[in-house]
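Asks: Handing you this structure, nothing more for now.
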Amino acid sequence: MTLMAEMGQRAFNLGIPIAVHMDVTYRCNERCVHCYLDHDDHGEMTTAEITGVLDQLAEAGVFFLTFSGGEVFMRRDFFEILEYARRLMFNVKIKTNAVMIHEEEARRIRELGVDTVQISVYSHRAEVHDAITKLPHSFDRTVKSIRFLKNQGLKVTIANVLMTSNSADHAGVQQLAADLGVNYTLDPTITPMMDGDTSVLSLRIPGEELPEIFHNPALVGNQEDFCAPPKPPSDQDLEGYSCSAGHSFCYISPYGDVFPCVQFPLPTGNIRQQKFLDIWNHSPQMNEVRSIKAKDLTVCSSCSHVSSCSRCPGLAFMEGSMRGPSSADCEKSFYRTGVPTANMLRQGLTKPRSTSGGIPLVQIRPVAVSA
Amino acid sequence: MPENYIYIARSSAIAARALAGEMMVMNSADSTFFTLNEVATAIFQAADGRTPLREIVRDCVCEQFDVDPEQAQADAEQFVAELSGHGILLVSDRPLSNEVPR
């Protein structure tokens, strides 16, 4: 285990939020076809509110801080926020489409000691990328900005979300990343909209196409390990937890709502009404999330994949129960290994039901938060 | 350089946070990640660029930990040299403005 992983595990065991993802705005200059956000401003936190939150996060022990959106540079005060965060000595990562980053912005990002800039690129073909972002010339502008950032010596990662319209382009984007001298990461997950609307799921890559991705060593590393049949779960596996959501990680929206994860729309409190640590330590919702062990999962506890599945409790929550299965992850486990999941077997399925839309989702409602 | 003229300041490229009594320090320039023990943390936190290292050792180490002053000074100089080599601390023979990004 690396030293960093060791510290992450220590934070997990102690219940310290070592990492936080904060969206500073939902406004965006792109209109990506798969985006799960409402881009109107419904009352974003002010600069002073955000810096106040940052003070609280530093006090709570947060080390890794991701700023995202929306597009972070839609906020005119973003550099002010960034500078404040760096004065508090957070390790900062920025997720952006980079369209608004020019030489001057790239220089400022480097001067402020930002750790990594992650940039969404959907295709190596401008027409495909621009058709997804719906912003003309966005591909050219984004690639130009990546060069500005690289010229400053910054670490840049291209994030390649795959969907039906660009599923054939991952090799081209990977090559583009190599040509630009930046890292590459791929994500085939399309998330339902935060209001529960599932229409964007029709953009998900059909499950039948996943094996091509999962058996590609250029994308998954050691393909033999990655696609190996699951090992029988041990007692220790069943005493384990799904992920760091609510244990050592959480998400804060531009409106101050605190969630266990960016992909887990269970409101646990609002930072405009409560102190961050009050929500983190005492929210009943947060405590429920962190109480769930693998052995408590209604279907997955008896699944042979339980110790190796990427099961997302947030996606499971959106399907109806945070203790239930996440069909998208069942699909991935099956197409990765060829071994049916318990969720498939109980439904008598020999292959997963498509998760490209049509799954009934719970209606997401805010919880009452005491002042 | 005579040790009583050593001034130390934290680099603008680093991130740091205490976790359960240990200070995590990461240099974004080369992704090096360290943890500092209690004594090293005391020196790191006092690295304001204005206080000579000898005063830091006297006030933040010898007064708070049961250590031999000469040994503490020697250990501190070695620690400072090591972190300086990794770009975590800046070292000078005259006061530095602390490298907080602006």
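Chains as they are written, first to last, in our numbering: chain B, 1 to 371; chain W, 1001 to 1102. Heads up, the beta-carbon is just placed ideally off N, CA and C, and yes, glycines get one too.
1) Roughly how many angstroms lie between the CA atoms of Met89/B and His170/B, to the nearest whole one?
2) Compare the C-beta of Thr1032/W against all C-beta atoms of chain B and say whether one is closer than 8 Å.
3) Suppose you measure from the CA of Asp1059/W to the CA of Arg1050/W; what does that come to, to the nearest Å?
4) Tell me the rounded alpha-carbon separation between Gly240/B and Phe264/B.
5) Curious, which full-length beta strand (DSSP E) runs of at least 3 residues does the segment 1007-1086 of chain W contain?
6) I'd like the list of long-range same chain contacts for Thr1061/W, defined as Cβ closer than 8 Å, with 5 residues on each side in sequence excluded.
7) Check the C-beta distance from Pro325/B over to Val299/B and give it rounded, since I have them as a contact under 8 Å.
8) Tell me, please, which residues DSSP counts as bridged to Asp23/B.
9) Give the secondary structure of Ala245/B by DSSP, where H, G and I count as helix, E and B as strand, and everything else as coil.
10) Quick one: residues in its chain with C-beta nearer than 6 Å to the C-beta of Ser308/B, no 5 flanking neighbours on either side, listed in chain order?
11) If you reduce the DSSP assignment to three classes, tell me which class Thr341/B lands in.
12) From Gly3/B to Gly348/B, what does the alpha carbon distance come to, in whole angstroms?
13) Return the bridge partner residues of Ile101/B from the DSSP annotation.
14) Between Glu331/B and Gly207/B, is the Cβ-Cβ spacing less than 8 Å?
15) Hey, how far is the Cα of Gly153/B from the Cα of Gln236/B?
16) Show which residues of chain W have a CB atom less than 9 Å away from the CB atom of Val114/B.
17) Examine chain W for any beta-carbon lying closer than 8 Å to the beta-carbon of Ala5/B, and answer yes or no.
18) Within its chain, find whatever has a CB closer than 6 Å to the CB of Gly113/B; leave out the 5 residues flanking it on each side and keep chain order.
19) From Ser244/B to Glu1082/W, what distance separates their C-alpha atoms?
20) With DSSP run on the structure shown, which of helix, strand or coil describes Ile205/B?
21) Taking only beta-carbon positions, decide if Ala1013/W is within less than 8 Å of chain B.
22) Give, in chain order, every residue of the segment 163-193 of chain B whose Cβ lies closer than 9 Å to some Cβ of chain W.
23) Does Val262/B come out as helix, strand or coil in the three-state DSSP assignment?
24) Using only alpha-carbon positions, find the residue among Trp280/B, Leu266/B, Arg336/B and Ser333/B that is nearest to Met322/B.
25) Per DSSP, Val220/B forms a beta bridge with which residues?
26) Apply the 10 Å Cβ neighbour rule to Gly1021/W and answer buried if 16 or more other Cβ atoms are within range, or exposed otherwise.
27) May I have the straight-line CA-CA distance separating Ala48/B from Ile252/B, to the nearest angstrom?
28) Are the C-beta of Met1/B and some C-beta of chain W separated by less than 8 Å?
29) Looking at the secondary structure, which residues open and close the beta strand (DSSP E) in which Asn183/B lies?
30) Residues of the segment 233-255 of chain B in Cβ contact with chain W at a cutoff of 8 Å, in chain order, please.
31) With Ile94/B as the anchor, note down where its beta strand (DSSP E) starts and where it stops.
32) When the Cα of Ile292/B is compared with those of Gln273/B, Gly269/B and Ala316/B, which residue comes out closest?
33) Which same chain residues, not among the five before or five after His124/B, have their C-beta less than 8 Å away from its C-beta?
34) Tell me where the alpha helix (DSSP H) around Val143/B begins and ends.
35) Could you tell me whether any Cβ in chain B is nearer than 8 Å to the Cβ of Arg1050/W?
36) In the DSSP assignment, what residue or residues form a beta bridge with Phe120/B?
Replies: Here's the rundown:
1) One C-alpha to the other measures close to 35 Å.
2) Cβ-Cβ to chain B under 8 Å: no for Thr1032/W.
3) If you take the alpha carbons of Asp1059/W and Arg1050/W, they lie about 14 Å apart.
4) About 19 Å.
5) Here the runs fully enclosed are 1007-1010, 1014-1019, 1022-1027, 1032-1036 and 1048-1052.
6) According to the sequence provided, residue 1061/W is Val. The question's Thr does not apply to it. Here the set comprises Val1039, Ala1042, Ile1043, Val1067, Ala1072 and Ala1076.
7) With a Cβ gap of about 5 Å, Pro325/B and Val299/B count as contacting.
8) Note: Asp23/B sits in a beta bridge opposite Ser68/B.
9) The answer is strand: DSSP assigns Ala245/B an E or B state.
10) Taken in chain order, the residues that qualify are Pro230.
11) Coil at Thr341/B, not helix or strand.
12) Checking the displayed sequence, the identity of residue 3/B turns out to be Leu instead of Gly. About 45 Å.
13) Answer by DSSP bridge pairing: none, since Ile101/B is not bridged.
14) Yes, these two residues count as a Cβ contact at 8 Å.
15) Cα-Cα distance, rounded: 43 Å.
16) For Val114/B, the chain W residues whose C-beta falls within less than 9 Å of its own C-beta are Ser1028, listed in chain order.
17) Against chain W, the CB of Ala5/B has no partner CB under 8 Å away; the residue lies outside that interface.
18) So the list reads Arg86, once near-sequence residues are dropped.
19) Each residue's alpha carbon lies about 33 Å from the other.
20) The answer is coil: DSSP assigns Ile205/B none of H, G, I, E or B.
21) Yes, contact with chain B.
22) So nothing in the stretch comes that close.
23) If DSSP states are grouped into helix, strand and coil, Val262/B belongs with coil.
24) For Met322/B, the closest alpha carbon among the candidates Trp280/B, Leu266/B, Arg336/B and Ser333/B is that of Leu266/B.
25) Answer is none; Val220/B lacks a bridge partner.
26) With fewer than 16 other Cβ atoms inside 10 Å of its own Cβ, Gly1021/W counts as exposed.
27) Using only the alpha carbons, I get a separation of about 16 Å.
28) Judged by the 8 Å Cβ criterion, Met1/B is not in contact with chain W.
29) It spans Asn183 to Asp187 - the beta strand (DSSP E) in which Asn183/B sits, taken as one unbroken run.
30) When CB distances to chain W are screened at a threshold of 8 Å, not a single residue of the segment 233-255 of chain B falls below it.
31) That run of the beta strand (DSSP E) goes Asn91 to Thr96.
32) Ala316/B is the residue among Gln273/B, Gly269/B and Ala316/B whose C-alpha sits nearest the C-alpha of Ile292/B.
33) Around His124/B: Asp169, Gly172, Val173, Gln175 and Leu176.
34) In the DSSP annotation of this structure, the continuous segment of the alpha helix (DSSP H) that includes Val143/B starts and ends at Ser138 to Asn151.
35) At a cut-off of 8 Å between beta-carbon atoms, Arg1050/W makes no contact with chain B.
36) Checking the sequence, you will find Ser at residue 120/B rather than Phe. Per the DSSP secondary-structure output, Ser120/B pairs in a beta bridge with Ala159/B.
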